[in-house]
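Just so we're aligned: 60 in numbering that gives the first Met the number 0 is position 61 of the sequence shown, and the numbers increase by one with no gaps anywhere.
The block underneath contains the structure these notes are about, expressed in structure tokens.
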Amino acid sequence: MSNPTMRSSDLVFAAGAKRPTKADVVIIGNGALGMFLADELVERQVGSVVVVGPSHRDTGASQAAGAMLGCFGETTTESLRTDAARTRFELGISAHDKWPEALRRIDEFAPSDRPMQTTTESHIILNSVGAELDTVNFAAIIDALDQYDKPWKEVDPADIPGYNPRTESRALRAIHLPTEGAVDARGVLASLERRLRHGGAILLDQTVRRLVGSDEAVTAVELDDGHLIEAGAVVVAAGIHSESLVRTVFDVPDLMPTFPGLGFAMIAKRTGGEPFTSVVRTPNRGFACGLHVVPQGGGLEYYGATNRLVNTISSVTWMADVRFLAQYSMHQLDERAAIHEVTKWCAGNRPVTLDGFPLVGWMPPSGLYLMTGTYRDGFHCAPLLAEHVANELQGKAGIIDSIFQPMRKPVATRTVEWSIDEYVTHSLAAWFETGAQAAPQMTTSQLTDYYRNMAVQTYEQLGVDYGLGPDILWYAQGNLHGARRVARYLRTFKGDGDVAQPAGATTGTVGTR
Numbered sequence: 000m001s002n003p004t005m006r007s008s009d010l011v012f013a014a015g016a017k018r019p020t021k022a023d024v025v026i027i028g029n030g031a032l033g034m035f036l037a038d039e040l041v042e043r044q045v046g047s048v049v050v051v052g053p054s055h056r057d058t059g060a061s062q063a064a065g066a067m068l069g070c071f072g073e074t075t076t077e078s079l080r081t082d083a084a085r086t087r088f089e090l091g092i093s094a095h096d097k098w099p100e101a102l103r104r105i106d107e108f109a110p111s112d113r114p115m116q117t118t119t120e121s122h123i124i125l126n127s128v129g130a131e132l133d134t135v136n137f138a139a140i141i142d143a144l145d146q147y148d149k150p151w152k153e154v155d156p157a158d159i160p161g162y163n164p165r166t167e168s169r170a171l172r173a174i175h176l177p178t179e180g181a182v183d184a185r186g187v188l189a190s191l192e193r194r195l196r197h198g199g200a201i202l203l204d205q206t207v208r209r210l211v212g213s214d215e216a217v218t219a220v221e222l223d224d225g226h227l228i229e230a231g232a233v234v235v236a237a238g239i240h241s242e243s244l245v246r247t248v249f250d251v252p253d254l255m256p257t258f259p260g261l262g263f264a265m266i267a268k269r270t271g272g273e274p275f276t277s278v279v280r281t282p283n284r285g286f287a288c289g290l291h292v293v294p295q296g297g298g299l300e301y302y303g304a305t306n307r308l309v310n311t312i313s314s315v316t317w318m319a320d321v322r323f324l325a326q327y328s329m330h331q332l333d334e335r336a337a338i339h340e341v342t343k344w345c346a347g348n349r350p351v352t353l354d355g356f357p358l359v360g361w362m363p364p365s366g367l368y369l370m371t372g373t374y375r376d377g378f379h380c381a382p383l384l385a386e387h388v389a390n391e392l393q394g395k396a397g398i399i400d401s402i403f404q405p406m407r408k409p410v411a412t413r414t415v416e417w418s419i420d421e422y423v424t425h426s427l428a429a430w431f432e433t434g435a436q437a438a439p440q441m442t443t444s445q446l447t448d449y450y451r452n453m454a455v456q457t458y459e460q461l462g463v464d465y466g467l468g469p470d471i472l473w474y475a476q477g478n479l480h481g482a483r484r485v486a487r488y489l490r491t492f493k494g495d496g497d498v499a500q501p502a503g504a505t506t507g508t509v510g511t512r
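Have a look at this one:
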């Protein structure tokens, strides 16, 4: 169904109105995606813009983000193995180029004298804690840097400022990426709020109860207190809450499910020793983005992060994750971190789609646009996606690939056999990183067989032929509710060969394959 471009003449409201009843665009969600989109629309002077979202952002991913501007630091063996995966990877490369202009725009609205960009470089360390997965992903990072002709060099881990791990967790190799830094996520959001208010946008400290309309068109949003705002276009950019909001007006079985990826991090004030001046991180490992520290300015450092797919959206985390992050930050990054002062606990829910790809595009009801499912890449990709979505709202050509359209079949990048191998590799990495103990006579091969049997049994119980990502398979394996949700959605496409076989895959090995 076609969608109208925004109207700027018939939907207006009085300047300074606190509770508008009409707007050209209503954006649901005040995380990085929603705020950067609002800023782009105001910059283009397209009409009235209202952003709805609670100021605390408690369960959102953006307020808890480390905000590393690193696409190559996130590279894994899967990043370039298929055409679809490469398309997503190159989204991150394009996004990286948007950040200098994005920071220039908001600089004068910064809430403090500290720069928005807290560092311009990264160090990737290779230790033995994350098992073989670290090794193959470290090699994949170097291979991707070379393929795209990006600068890097190998360095002595002992020369990395601030890096002071325990001896048994020390890095054996390290590389320096001079163009992949980080921004202060919370500072960027605060700057965007100030700039948007200055530009005339309305920011409502509210939540949306439901979308108003039908399967044919969305015409308004209803706030939790019953207040209605008519809209020329509604953009749902509410992270993990997006799917449930869309389903208030449009509920079909083939809408891609999105799962909460609960993550935990902490910000600590350094109390002694040499500070970190760059991002220092491991490769992606064990169902997550790897262990990392990000300078925040003012003597503060961000330590992250955990990842756990869950059933229920939450603003708190498990004590086991707190112990894990604190202990292994001390072991693998800086043993002096034990006496640092924690100033903020960060917990948020990443929106994780079943196929691992974002959902960006018009929905079938006229006037409804979806912008979510970015998993760990939302903050990094926000300026790029803002430009793309603003184009589409204005009826112009987009700037990203159409593979990310919301109402699609699940993108296939792996076979079931490949998925099982990948799950085994991640499980072994998590086993060794957490220091899990087995009987002294138990070998790595026996652990491998154990995890492989678990994965095979999960696929038999699911009864699907679609190759799941390791985090989704882990979730389905350990959670009955999750397994039913995965199976119910995939059975909608059962027998469709386009879903069962990945296209454009190249050969390769990962971990225990």
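Note that beta-carbon positions come from the ideal geometry of N, C-alpha and C, so glycine has one too.
In this structure, the CA atom of Ala63 is about 10 angstroms from the CA atom of Arg349. Between the alpha carbons of Trp417 and Leu358 lies a distance of about 24 angstroms. Gly289 and Met362 have their C-alpha atoms some 34 angstroms from each other.
In chain order, Ile338, His339, Glu340 place their CB closer than 7 angstroms to the CB of Thr270, counting only its own chain and leaving out the 5 sequence neighbours on each side.
DSSP lists Leu176, Val278 as the bridge partner or partners of Ser121. One alpha carbon belongs to Glu39, the other to Ala22, and they sit about 16 angstroms apart. The C-alpha of Arg451 is placed about 48 angstroms away from the C-alpha of Pro114.
Setting aside the 5 residues that flank it on each side, Thr491 is surrounded in the same chain by Pro252, Asp253, each with a C-beta closer than 7 angstroms to its C-beta; the list follows chain order. Taking the C-beta atoms as reference points, Pro364 is found no nearer than 8 angstroms to Asp223. The bridge partners DSSP lists for Phe258 are Val351. DSSP places Ile266 in the strand class (E or B) of the three-state scheme. Annotation: Glu300 to Val279 spans about 11 angstroms, alpha carbon to alpha carbon.
Counting along the chain, Gln295 sits inside the beta strand (DSSP E) bounded by residues 291-296. If you look at Arg209, you'll find it in the beta strand (DSSP E) that goes 207-212.
DSSP, read as helix, strand or coil, puts Asp183 in coil. With at least 16 other beta carbons inside 10 angstroms of its own, Pro294 counts as buried. At the C-beta level, His122 and Ile159 come within 8 angstroms of one another. Using a Cβ distance threshold of 8 angstroms, Pro469 and Glu432 do not count as a contacting pair. Looking at the DSSP output, Cys288 sits in a beta bridge with Arg284. Note that the segment 96-103 does not touch the segment 243-252; fewer than 3 beta-carbon pairs, one per stretch, sit closer than 8 angstroms.
According to DSSP, residue pairing for Thr371 in a beta bridge involves Leu358.
Remark: C-beta atoms of Ile402 and Asn390 do not approach each other more closely than 8 angstroms.
Taken in chain order, the complete alpha helix (DSSP H) segments of 4 residues or longer contained in the segment 380-460 are 415-432. Straight across, the Cα-Cα distance linking Phe263 with Ala319 is about 11 angstroms. Asp320 is bridged by DSSP to nothing; it lacks a bridge partner. The straight-line gap separating the alpha-carbon atoms of Asp183 and Gly298 is approximately 13 angstroms. It is roughly 30 angstroms from the alpha-carbon of Thr305 to the alpha-carbon of Tyr368.
With a cut-off of 8 angstroms on Cβ pairs, the segment 64-80 is in contact with the segment 140-158, counting three or more such pairs.
Partner residues in the beta bridge of Leu308, as assigned by DSSP, are Gly260. In this structure, the beta-carbon distance from Thr119 to Gly186 does not fall below 8 angstroms. DSSP, read as helix, strand or coil, puts Met115 in coil. By the criterion of a C-beta distance shorter than 7 angstroms, Glu229 is surrounded in its chain by Leu10, Thr20, Lys21, Thr218, Ala219, once the five residues flanking it on both sides are discounted. Residue state for Val341 is assigned as strand, using DSSP reduced to three classes. Under the DSSP assignment, Ile140 falls outside any beta strand (DSSP E), being part of the alpha helix (DSSP H) whose first and last residues are 130-146.
In this structure, Gly59 places its C-beta atom within 8 angstroms of the C-beta atom of Gly238.
With a contact defined as Cβ atoms closer than 8 angstroms, Met370 and Val455 miss out at about 37 angstroms.
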